[in-house]
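Reviewing the structure listed below.
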Amino acid sequence: MMKEDTFQSRRDAALEAKQKLLQRFKVAAADPEAERRKAERAKIVEAREARMRAKAEEERRRAAEKAAEEARIAAEKEAERAAAEAAKLAARPKAINAAAYALAARFVADTASMRRKSA
Numbered sequence: 114m115m116k117e118d119t120f121q122s123r124r125d126a127a128l129e130a131k132q133k134l135l136q137r138f139k140v141a142a143a144d145p146e147a148e149r150r151k152a153e154r155a156k157i158v159e160a161r162e163a164r165m166r167a168k169a170e171e172e173r174r175r176a177a178e179k180a181a182e183e184a185r186i187a188a189e190k191e192a193e194r195a196a197a198e199a200a201k202l203a204a205r206p207k208a209i210n211a212a213a214y215a216l217a218a219r220f221v222a223d224t225a226s227m228r229r230k231s232a
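Quick note on numbering: the sequence shown equals residues 114 to 232 in our numbering.
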C-alpha cells in the first residue's frame, strides 16, 4: 500500500525531522565532553586576554619611561643652554669693563702724550 502524499503528511514529516534535529542538538549540548571542550576554550580565551592586557600594560610602562627619559634629556639640555647663556651674560660686563678700561687707558696715554708735546 502506498502512503498518500498530502500536505498534512509532508507537514508532519517536516515537523518530525525538525524535532529529531533539535533532539540531536540537545543531546550534544548536554554532552560532558562538549562541556569540557567549552571550558578549555574559555580558559584559552582568558589566558589570551590576560597576555594581551599584560602586553598593553608593558607598552604603557615603556611609553611612560620613554617620555620621562625624553623629559629628563630636554631638562638637561635646557639647563645647559641656560648655564651657557648665564656664562655669556656674566662675561659680557667683563668684556665691556675691559674695553672701557682700555679706552680710558688710551685716553690717559694720549693726554699724557699731548702734554709732553706741548711742554
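Quick reminder that beta carbons are idealized off the backbone N, C-alpha and C, glycines included.
*Determine the direct distance from the alpha carbon of Arg137 to that of Gln121, and round the result to whole angstroms.*
24 Å
*Roughly how many angstroms lie between the CA atoms of Glu198 and Glu171, to the nearest whole one?*
40 Å
*Length of the line joining the Cα atoms of Ala127 and Glu117*: The alpha-carbon separation between Ala127 and Glu117 amounts to approximately 15 Å.
*Roughly how many angstroms lie between the CA atoms of Ala130 and Arg123, to the nearest whole one?*
Going by the C-alpha atoms only, they are around 11 Å apart.
*asked:* Just to confirm my understanding: we take Arg228, look at its own chain, exclude 5 residues before and 5 after, and list those with CB closer than 8 Å. What are they?
replied: none
_Three-way DSSP call (helix, strand, coil) for Thr224 in this model_ = helix
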